[in-house]
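Written out below as structure tokens is the structure these notes cover.
Numbering (the UniProt record's numbering), first residue to last: 1 to 394.
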């Protein structure tokens with residue numbers, strides 16, 4: 001990777017072999033080789049430290065508005081398939097890779113990553129010193145940028161610089177409205193297994209309403225695998241409609257964007273749902289919205305947490321779990337009101353990773369217990385949610 005300040009004067013030819021450029025908001029240009037769709041895409045440039053699961057990462061709705069830098073160098077080596085997706089349409093804006101994408105070597109592969117990116121209109125680039133870029137993000141925060149793929153190697157750097165500088169911050173943006181479902185639908189698919197693929201819940205024991213702020217499919221599968229028939233409702237659904245489904249429990253999903261912006265319509269609903277006494281479980285954006293509904297505040301993190309190797313301590317058991325994470329906002333510990341306790345803490349930077357309401361079956365975590373990708377250490381949280389539901393059964 002080479003970098004240079006953006007130049008004025010219209011299209012210029014990139015360095016020999018360069019067919020892609022990443023232009024950051026400060027005018028820095030990183031050159032590489034284009035993959036996937038031809039064109040341009042803008043977003044917040046972040047990094048993910050996971051060593052596997054790139055297809056699940058790219059389809060996680062929580063990555064809406066972001067360009068993902070993968071720190072693991074060999075991305076694409078197992079190809080893509082129709083099962084390892086967390087949403088039908090990828091929400092990420094593009095990807096940045098170190099090594100060229102090779103032909104896949106995996107019995108499940110149905111398509112190369114290059115072809116898969118192109119089929120979804122996603123712009124990518126390889127040949128970037130991703131460790132250098134990651135250090136830059138770590139030290140100075142996640143910048144906005146424009147990723148461009150031009151097979152002829154011609155780039156209007158001045159125009160790209162202007163677009164990057166003008167790209168809006170994720171702070172203040174409600175992106176849940178862009179990725180939520182359009183209408184209510186049922187879910188009974190269970191988690192994947194090597195012998196059978198995905199299963200179907202035959203005899204549900206409980207009914208959970210999941211509010212979709214950008215829900216990952218594996219969260220819904222995890223709920224179904226714990227005996228819960230799920231009704232998924234759009235992010236803007238009111239409390240009365242949710243309770244009309246007669247849920248045994250309510251789930252607040254993950255999602256992208258600023259929780260305070262989404263909270264303008266979500267917080268009053270969640271506050272009303274808490275008052276009903278129905279068991280509530282939130283993950284990621286759902287955790288942040290629950291915190292806002294309880295009277296806490298949120299803030300934008302410099303780099304956020306994205307990867308599958310984050311250690312978190314569960315204060316209720318004293319155990320440490322390795323978790324999968326993807327968030328750029330956090331809950332301010334100092335703002336937690338009386339009666340709301342911190343249940344989980346990040347052992348990387350000490351940030352809040354879980355909350356519970358004293359005397360009520362209401363709790364949430366900042367990270368992703370459903371994984372996909374990532375370790376399975378935190379699946380117990382779905383069982384904990386079901387235990388709350390069982391305790392309220394007649």
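In this text, a Cβ means the ideal position worked out from N, Cα and C, and glycines have one as well. Bear in mind that the values here come from a model prediction, so they are computed numbers and not experimental data.
Find the nearest neighbour of residue i within the set the options, judged by alpha-carbon distance.
{"i": "residue 62", "options": "295, 394, 363 and 257", "result": "257"}
{"i": "residue 351", "options": "194, 343 and 357", "result": "343"}
{"i": "residue 323", "options": "339, 336, 302 and 348", "result": "348"}
{"i": "residue 10", "options": "246, 121, 202 and 156", "result": "156"}
{"i": "residue 249", "options": "236, 240, 228 and 166", "result": "228"}
{"i": "residue 100", "options": "174, 345 and 18", "result": "18"}
{"i": "residue 151", "options": "37, 85, 226 and 331", "result": "37"}
{"i": "residue 182", "options": "233, 117, 326 and 285", "result": "233"}
{"i": "residue 355", "options": "13, 34 and 292", "result": "292"}
{"i": "residue 254", "options": "175, 122 and 115", "result": "175"}
{"i": "residue 372", "options": "338, 360, 389 and 326", "result": "326"}
{"i": "residue 276", "options": "247, 144, 186 and 170", "result": "247"}
{"i": "residue 186", "options": "224, 24, 305 and 34", "result": "224"}
{"i": "residue 184", "options": "353, 236, 70 and 131", "result": "236"}
{"i": "residue 242", "options": "107, 379, 167 and 212", "result": "212"}
{"i": "residue 57", "options": "209, 359 and 307", "result": "307"}
{"i": "residue 360", "options": "383, 378, 389 and 345", "result": "389"}
Mind checking who residue i pairs with in its DSSP beta bridge?
{"i": "residue 193", "result": "197"}
{"i": "residue 234", "result": "212"}
{"i": "residue 326", "result": "306"}
{"i": "residue 368", "result": "324"}
{"i": "residue 344", "result": "314 and 354"}
{"i": "residue 207", "result": "229"}
{"i": "residue 10", "result": "Residue 10 pairs with nothing; no bridge assigned."}
{"i": "residue 187", "result": "230"}
{"i": "residue 363", "result": "281 and 356"}
{"i": "residue 249", "result": "208"}
{"i": "residue 331", "result": "298"}
{"i": "residue 124", "result": "35 and 95"}
{"i": "residue 19", "result": "Its beta-bridge partners do not exist; DSSP assigns none."}
Excluding the 5 residues flanking residue i on each side, which residues of the same chain have their C-beta closer than 7 angstroms to its C-beta?
{"i": "residue 381", "result": "365 and 369"}
{"i": "residue 288", "result": "259, 298, 329 and 331"}
{"i": "residue 116", "result": "80"}
{"i": "residue 339", "result": "357 and 358"}
Leaving aside the five residues before and after residue i along the sequence, list all residues of the same chain whose C-beta is less than 8 angstroms from its C-beta, in chain order.
{"i": "residue 5", "result": "Confidence is the limiting factor: at residue 5 the pLDDT is only 46, short of 50, which leaves the residue's position unreliable and the question unanswerable from this model."}
{"i": "residue 198", "result": "83, 189, 190, 191, 192 and 221"}
{"i": "residue 154", "result": "11, 12, 13 and 14"}
{"i": "residue 48", "result": "57, 68, 69, 70, 71, 306, 307 and 326"}
{"i": "residue 7", "result": "A caution first: residue 7 carries a pLDDT of 48, below 50, which makes its placement in the model unreliable, though a value can still be read off. These residues qualify, in order along the chain: 157 and 158."}
Going by beta carbon distance, what residues of the same chain come within less than 6 angstroms of residue i, once the five residues before and after it are set aside?
{"i": "residue 336", "result": "296"}
{"i": "residue 302", "result": "141"}
{"i": "residue 217", "result": "86"}
{"i": "residue 179", "result": "61, 64, 91 and 214"}
{"i": "residue 280", "result": "250 and 362"}
{"i": "residue 219", "result": "370"}
{"i": "residue 59", "result": "85, 86, 87 and 90"}
{"i": "residue 138", "result": "303"}
May I ask whether a heavy atom of the ligand PLP can be found less than 7 angstroms away from the beta carbon of residue i?
{"i": "residue 120", "result": "The model on display carries no ligand, and the ligand PLP is accordingly not part of it."}
- Query: Mind pulling the alpha helix (DSSP H) runs of 4 or more residues that sit fully within the region 257 to 309?
  - Reply: Taken in chain order, the whole alpha helix (DSSP H) runs of length 4 or more contained in the region 257 to 309 are 259 to 275 and 285 to 294.
- Would the region 31 to 45 and the region 85 to 97 be scored as touching if the rule is three or more Cβ pairs under 8 angstroms? In the pairwise beta carbon analysis, the region 31 to 45 is classified as touching the region 85 to 97: at least three pairs are separated by under 8 angstroms.
- Task: Enumerate, from N- to C-terminal direction, the unbroken beta strand (DSSP E) stretches of 3 or more residues contained entirely within the region 132 to 160.
- Result: Listed in chain order, the complete beta strand (DSSP E) runs (minimum 3 residues) inside the region 132 to 160 are 144 to 149.
- Message: Does the region 301 to 316 come into contact with the region 258 to 273, if we say contact requires no fewer than three beta-carbon pairs (one atom in each stretch) closer than 8 angstroms?
- Response: In short, these stretches do not touch, since the Cβ pair count stays below three.
- What beta strand (DSSP E) runs, 3 residues minimum, are completely inside the region 31 to 82? Correct list: 39 to 48 and 66 to 70.
- Message: Within 8 angstroms, do at least three Cβ pairs link the region 109 to 125 to the region 73 to 89?
- Response: Yes: the two stretches touch, three or more of their Cβ pairs being nearer than 8 angstroms.
- Message: Quick check on the DSSP output: what are the complete beta strand (DSSP E) runs of length 3 or more inside the region 84 to 114, in order along the chain?
- Response: Segments of the beta strand (DSSP E) lying fully in the region 84 to 114: 94 to 96.
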